[in-house]
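Student:
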């Protein structure tokens, strides 16, 4: 028995039925529909699957932390969790590795059109991004303006400074335009955030 | 309001009551009791807390992935998960960042005294370690022989090769001695695996 199909990820892939979509097209008002109605999280997860399948990067979303209290083990059936509670996370949602670099990021969506409210970031996320920055990780946020179909990859250092500023309750769209790398929703990957990571790495050198 | 206590993690720390223990001492048969009866997972989690508090590394255990089916939202009380199922993980249990390096590892315990059965590693763990290795991560396993009180940090490349070998069902203790960095259970941190990581990094350069 060969236990491991070295050099090929084919055995690990599930076949994916992809709807036939045009790569990208724009509404006359400038709204892109290439995200096919997916949430930002779905777009990132699909992009991560693409990056993994293609051997480009290994990034996973962390599961939601749960405190399990009661589990039933029915006969001839799988275990059922009957009582559990949501726990506070202590990190961001995503991390992984890309060409030797540690990646760590949080993603957020807003329906706003002119600014992103800073209260959407929680203290544990800011603390974690800061701790990872000190360990020389590539840390950032992906902020999606759903009404505009625009996505920004923003260095964590900028977001942390904005969050710490007691006179600031939001980041204006113009600020994000100035301090981020904008990425466009597309086909494969759905959200090519690694292109922005390349720029963050270049900027750091 | 100052939203973020920059430069200090004090506000994020919970006070920990530490039992008064000697740093390390050995039973006459050579069994160390410095792990204070903790499981390997508890030792690693406590070490990760130490590394985080001291600004040495940021490593977290990933939560168990759960498929949530039914949630109750009682009035004036927190949400209760009433039906959920365990899902298959797609990664190892631990990852994080240390001085710019991406760390990824799985930990396993055995009561055996002479070998470690390879069936304890699951395909998704081997696949994930291999994918992270290709992205130049620092990937390894921590194997604890509980009956012996001995702990080995073994490079993932060795473990993957052993797992792939169809004629092999276990790794012998002598093999692990030869191909690992042995670490001793101690006081702070409980399991100083970052010392072994330093050696893995040196060996790679």
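Protein chains in written order, with our numbering: chain A, 77 to 281; chain B, 77 to 281.
Glycine is no exception: its CB is placed at the ideal position from the N, C-alpha and C atoms.
(1) Measure from the C-beta of residue 97 of chain B to each C-beta in chain A and report whether the shortest distance is under 9 Å.
(2) Report yes if the CB atom of residue 133 of chain A is closer than 9 Å to the CB atom of residue 175 of chain A, and no otherwise.
(3) Report the neighbours of residue 234 of chain B on chain A: residues whose CB is nearer than 8 Å to its CB, in chain order.
(4) Only counting the same chain, and skipping five residues up and downstream in sequence, which positions put a Cβ closer than 8 Å to that of residue 136 of chain B?
(5) Give the single residue among A/159, A/118, A/211, A/275 whose Cα lies nearest to the Cα of residue 184 of chain A.
(6) Please state whether DSSP places residue 200 of chain B in a helix, a strand or coil.
(7) Using a beta-carbon distance cut-off of less than 9 Å, what residues from the stretch 152-166 of chain A approach chain B?
(8) Do we get a CB-CB distance below 9 Å when we pair residue 140 of chain A with the residues of chain B?
(9) Just checking my contact of residue 204 of chain B with residue 246 of chain B at CB under 8 Å: how many whole Å lie between their CB atoms?
(10) Decide if residue 261 of chain B is buried, meaning its Cβ has at least 16 other Cβ atoms within 10 Å, or exposed.
(11) Any beta-carbon of chain A closer than 9 Å to the one on residue 170 of chain B?
(12) Can you tell me the Cβ-Cβ gap for residue 265 of chain A and residue 127 of chain A, rounded? I've got them flagged as a contact below 8 Å.
(13) Rounded to the nearest angstrom, how far is the Cβ of residue 201 of chain A from that of residue 168 of chain A, given a contact under 8 Å?
(14) Can you tell me whether residue 165 of chain B is helix, strand or coil according to DSSP?
(15) Between residue 220 of chain A and chain B, is there a C-beta pair that is closer than 9 Å?
(16) How would you list, in chain order, the residues of chain B whose beta-carbon sits under 7 Å from the beta-carbon of residue 213 of chain A?
(17) Tell me whether the beta-carbon of residue 216 of chain B lies closer than 9 Å to the beta-carbon of residue 232 of chain B.
(18) Is residue 269 of chain B buried or exposed, if buried means 16 or more other CB atoms sit within 10 Å of its CB?
(19) Would residue 155 of chain A be called buried (16 or more neighbouring beta carbons within 10 Å of its own) or exposed?
(20) Can you grab the Cα-Cα spacing for the pair residue 244 of chain A / residue 194 of chain A, in whole Å?
(21) Near residue 197 of chain A, which residues of its chain fall below 6 Å by C-beta distance, leaving aside the five closest residues on each side in sequence?
(22) Who are the neighbours of residue 281 of chain B on chain A, taking C-beta pairs under 8 Å?
(23) Based on the DSSP secondary-structure assignment, which residues constitute the bridge partners of residue 226 of chain A?
(24) Using the Cα positions of residue 186 of chain B and residue 258 of chain B, report the straight-line distance between them to the nearest angstrom.
(25) Nearest chain B C-beta to residue 133 of chain A closer than 9 Å, yes or no?
(26) Taking the C-alpha atoms as reference points, what is the distance between residue 188 of chain A and residue 143 of chain B?
Tutor: Checking against the coordinates, here is how it stands:
(1) Counting from one through the second chain, the residue named residue 97 of chain B turns up at place 21. Any answer about residue 97 of chain B is weak, because its pLDDT of 45 lies below 50 and its placement is not dependable; what the coordinates show is given next. Residue 97 of chain B has a beta carbon lying at 9 Å or more from every beta carbon in chain A.
(2) One-based indexing of the first chain puts residue 133 of chain A at position 57. One-based indexing of the first chain puts residue 175 of chain A at position 99. Contact flag set, yes.
(3) Reading the second chain from its first residue, position 158 is the one you call residue 234 of chain B. Residues of chain A passing the Cβ test: none, with the nearest at roughly 14 Å.
(4) On the second chain, residue 136 of chain B is found 60 positions in, with the first residue counted as 1. Result list for residue 136 of chain B: 124, 170, 171, 172, in chain order.
(5) Walking along the first chain from the start, residue 184 of chain A turns up at place 108. Comparing Cα-Cα distances from residue 184 of chain A to each of A/159, A/118, A/211, A/275, the minimum goes to A/118.
(6) For this step, residue 200 of chain B is matched to residue 124 along the second chain. DSSP places residue 200 of chain B in helix when its eight states are reduced to three.
(7) If you check each beta-carbon in the stretch 152-166 of chain A against every beta-carbon of chain B, the ones closer than 9 Å belong to 154, 155, 156, 157, 158, 159, 160, 161, 162, 163, 165, 166.
(8) Here residue 140 of chain A is taken as the residue at index 64 of the first chain, counted from 1. Contacts with chain B at 9 Å (Cβ-Cβ) include residue 140 of chain A.
(9) Taking the first residue of the second chain as position 1, residue 204 of chain B is located at position 128. Taking the first residue of the second chain as position 1, residue 246 of chain B is located at position 170. The pair is not a contact, with the Cβ atoms about 21 Å apart (cut-off 8 Å).
(10) Within the second chain, the letter at position 185 stands for residue 261 of chain B. Result: buried.
(11) Locating residue 170 of chain B in the second chain gives position 94, counting from the first residue. Residue-level contact check: residue 170 of chain B does not touch chain A, since none of the beta carbons of chain A fall below 9 Å from its beta carbon.
(12) Indexing the first chain from 1 puts residue 265 of chain A at position 189. Indexing the first chain from 1 puts residue 127 of chain A at position 51. With 8 Å as the limit, residue 265 of chain A and residue 127 of chain A qualify as a contact, their Cβ atoms being about 6 Å apart.
(13) As a first step, residue 201 of chain A must be located in the first chain, where it is residue number 125. As a first step, residue 168 of chain A must be located in the first chain, where it is residue number 92. Going by Cβ atoms, the distance from residue 201 of chain A to residue 168 of chain A rounds to 5 Å, so yes, they are a contact pair.
(14) As a working mapping, residue 165 of chain B is identified with position 89 in the second chain. Correct three-state label for residue 165 of chain B: coil.
(15) Here residue 220 of chain A refers to the residue found at position 144 when the first chain is read from its first residue. No, residue 220 of chain A does not count as interfacial toward chain B.
(16) On the first chain, position 137 is the one that residue 213 of chain A refers to. Under the 7 Å cutoff, chain B gives 173.
(17) Looking up residue 216 of chain B in the second chain gives position 140. Looking up residue 232 of chain B in the second chain gives position 156. In this structure, residue 232 of chain B lies closer than 9 Å to residue 216 of chain B by Cβ.
(18) For the purposes of this step, residue 269 of chain B is taken as residue 193 along the second chain, with counting starting at 1. Note on residue 269 of chain B: 16 or more other CB atoms within 10 angstroms of its CB, so buried under the neighbour-count rule.
(19) Locating residue 155 of chain A in the first chain gives position 79, where the first residue counts as 1. In the assembly as shown, residue 155 of chain A is an exposed residue. Its beta-carbon has fewer than 16 other beta-carbons within 10 Å.
(20) For the purposes of this step, residue 244 of chain A is taken as the residue at position 168 of the first chain. For the purposes of this step, residue 194 of chain A is taken as the residue at position 118 of the first chain. Their backbone Cα atoms lie some 8 Å apart in a straight line.
(21) Walking along the first chain from the start, residue 197 of chain A turns up at place 121. Residues 239 of the same chain have their beta carbon placed closer than 6 Å to that of residue 197 of chain A, with the five preceding and five following residues left out of the count.
(22) Within the second chain, the letter at position 205 stands for residue 281 of chain B. From the beta-carbon of residue 281 of chain B, no residue of chain A is found nearer than 8 Å; the closest lies around 12 Å away.
(23) Taking the first chain and counting its residues from 1, one reaches residue 226 of chain A at position 150. Bridge pairing for residue 226 of chain A: A/221 [DSSP].
(24) Locating residue 186 of chain B in the second chain gives position 110, where the first residue counts as 1. Locating residue 258 of chain B in the second chain gives position 182, where the first residue counts as 1. Between residue 186 of chain B and residue 258 of chain B, the C-alpha separation is close to 16 Å.
(25) Locating residue 133 of chain A in the first chain gives position 57, where the first residue counts as 1. Chain B contact via Cβ: present.
(26) Translated into positions along the first chain, residue 188 of chain A becomes position 112. Translated into positions along the second chain, residue 143 of chain B becomes position 67. Rounded to the nearest angstrom, the two C-alpha atoms are 31 Å apart.
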